[in-house]
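Protein chains in written order, with the numbering used here: chain A, 1373 to 1486; chain B, 2 to 114.
This report refers to the structure that appears directly beneath it.
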Amino acid sequence: GQQVMQIPQYQHVQEGEDFTTYCNSSTTLSNIQWYKQRPGGHPVFLIQLVKSGEVKKQKRLTFQFGEAKKNSSLHITATQTTDVGTYFCAGLKGYGGSQGNLIFGKGTKLSVKP
Amino acid sequence: KAGVTQTPRYLIKTRGQQVTLSCSPISGHRSVSWYQQTPGQGLQFLFEYFSETQRNKGNFPGRFSGRQFSNSRSEMNVSTLELGDSALYLCASSLQGLQETQYFGPGTRLLVL
């Protein structure tokens, strides 16, 4: 079936270390969205990437969309304890027809040790 | 603006029963989508409604259905509940659809006994 694979499943870092999570799809995506979910909370939108090879930055967060629009990554520089949570990518496939589907990766749970 | 609201927040049902969950989108948003979140399967897209019509649908059985009203409020119904339906059900709204930012509600946690 349609899948977006996300790795790693868990990441434990020391505060100040960098963190990266990767998403990969077997088919081309219309766009990819990234969300963060804090423990006990709901997903909160971070960013959307649409163009092939697109790179966007938000302070310490850098998001990339692959040239083939099949993979994406989120990199956090110098993690802080406020970065704790689960990061999800969501790939949009087939939009425009009735089979459009927003497919979420399983998420990467980030813990940060002070 | 007020955020997305979902009712009820918690629900306990028994196998075989049916359940209806409600979602009120952000004012002005016409698209409402529904998701199931479980520890094992993660977040899975159920369906999207826009202007009272189901526009996109994920891979869930027909026991899962929904509808949208003229004020964009949406309901999701699950019939003949199974133990595996225990999950957090999230709805999200956006102005025009899945290609935009999804604003999630707090979710309804459903436990099926």
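C-beta: ideal position from N, C-alpha, C; glycine also.
These numbers come from a predicted model, not from an experiment.
1) Could you pull the DSSP bridge partners for Thr1393(A) from this structure?
2) What are the boundary residues of the beta strand (DSSP E) that includes Glu49(B)?
3) Do you know whose CA, among Thr6(B), Ser23(B) and Gly4(B), lies nearest Val79(B)'s CA?
4) Could you check whether Phe1435(A) and Lys1423(A) sit closer than 8 Å to each other, using their CB atoms as the reference points?
5) With DSSP as the reference, please indicate the residues paired to Val79(B) in a beta bridge.
6) Look at the alpha carbon of Thr1399(A) and the alpha carbon of Phe1476(A), and state the distance between them as a whole number of angstroms.
7) Taking C-alpha atoms, which residue in Gly1479(A), Lys1431(A), Tyr1459(A) and Asn1473(A) lies nearest to Asn60(B)?
8) If distances are taken between C-alpha atoms only, which option among Val113(B), Gly106(B) and Leu114(B) comes closest to Gly1412(A)?
9) Compute the Euclidean distance between the alpha carbons of Leu1482(A) and Gly98(B), then round it to the nearest angstrom.
10) Out of Arg74(B), Gln42(B), Gly108(B) and Val20(B), point me to the one whose CA is closest to Phe65(B)'s CA.
11) Could you say which of Gly67(B), Thr81(B) and Gly17(B) lies nearest to Val33(B) if we only look at CA atoms?
Reading off the structure:
1) Locating residue 1393(A) in the first sequence gives position 21, counting from the first residue. Thr1393(A) pairs with Leu1446(A).
2) As a first step, residue 49(B) is located in the second sequence; it is residue number 48 there, counting from the start. Run containing Glu49(B): Gly43 to Phe51, per the beta strand (DSSP E) assignment.
3) For this step, residue 79(B) is matched to residue 78 along the second sequence. Checking every option, the nearest Cα to that of Val79(B) belongs to Ser23(B).
4) Walking along the first sequence from the start, residue 1423(A) turns up at place 51. Walking along the first sequence from the start, residue 1435(A) turns up at place 63. In this structure, Phe1435(A) does not lie closer than 8 Å to Lys1423(A) by Cβ.
5) Position 78 of the second sequence, counted from the start, is the residue given in the question as residue 79(B). DSSP output for Val79(B) lists Val20(B) and Phe65(B) as bridge partner(s).
6) Along the first sequence, one-based indexing puts residue 1399(A) at 27. Along the first sequence, one-based indexing puts residue 1476(A) at 104. Roughly 14 Å between the two C-alpha positions.
7) Walking along the second sequence from the start, residue 60(B) turns up at place 59. Per the Cα distances, Asn1473(A).
8) As a working note, residue 1412(A) is residue 40 in the first sequence. Ranking Val113(B), Gly106(B) and Leu114(B) by Cα distance to Gly1412(A) puts Gly106(B) first.
9) Numbered from 1 along the first sequence, position 110 holds the residue referred to as residue 1482(A). Numbered from 1 along the second sequence, position 97 holds the residue referred to as residue 98(B). Their backbone Cα atoms lie some 29 Å apart in a straight line.
10) Taking the first residue of the second sequence as position 1, residue 65(B) is located at position 64. Nearest of Arg74(B), Gln42(B), Gly108(B) and Val20(B) to Phe65(B), Cα basis: Val20(B).
11) Locating residue 33(B) in the second sequence gives position 32, counting from the first residue. Val33(B) has its Cα closest to that of Gly67(B), out of Gly67(B), Thr81(B) and Gly17(B).
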